[in-house]
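**Student:** The sequence shown maps to residues -8 to 47 in our numbering. Glycine included, each C-beta is placed from N, C-alpha and C at the ideal position. Attaching a single structure in structure tokens format; questions to follow.
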Amino acid sequence: LVSPGPLAYGACQTACNYGAVTCYSLAGLTFGVSTLAAAATCSAAQGACMAACTPL
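Below you can see the structure in the form of structure tokens.
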């Protein structure tokens, strides 16, 4: 088994964060300061995305 390494992991995490900020923006929220249900949905999606980065 060959690991893609830290660069692939970092790129994956960056993509997850970009997706989360986009989700918040589309919902009309500010990342990191919102507590609405839409924020919970965006945060859950970000968590799932970051978990998918773990094998990298």
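#1: In chain order, what residues of the same chain have a beta carbon less than 8 Å from the beta carbon of ALA36, not counting five sequence neighbours either side?
#2: Consult DSSP for ALA18 and reduce its assignment to one of helix, strand or coil.
#3: With DSSP collapsed to three states, give me the class of SER25.
#4: Look at the alpha carbon of PRO(-3) and the alpha carbon of MET41, and state the distance between them as a whole number of angstroms.
#5: Which residue wins for smallest C-alpha separation from GLY19, given the options CYS33, CYS7, ASN8?
**Tutor:** Short version:
#1: Excluding sequence neighbours, ALA36 sits near GLY10, ALA11, CYS14.
#2: coil
#3: coil
#4: Looking at the two C-alpha atoms, the distance is approximately 14 Å.
#5: It is CYS33.
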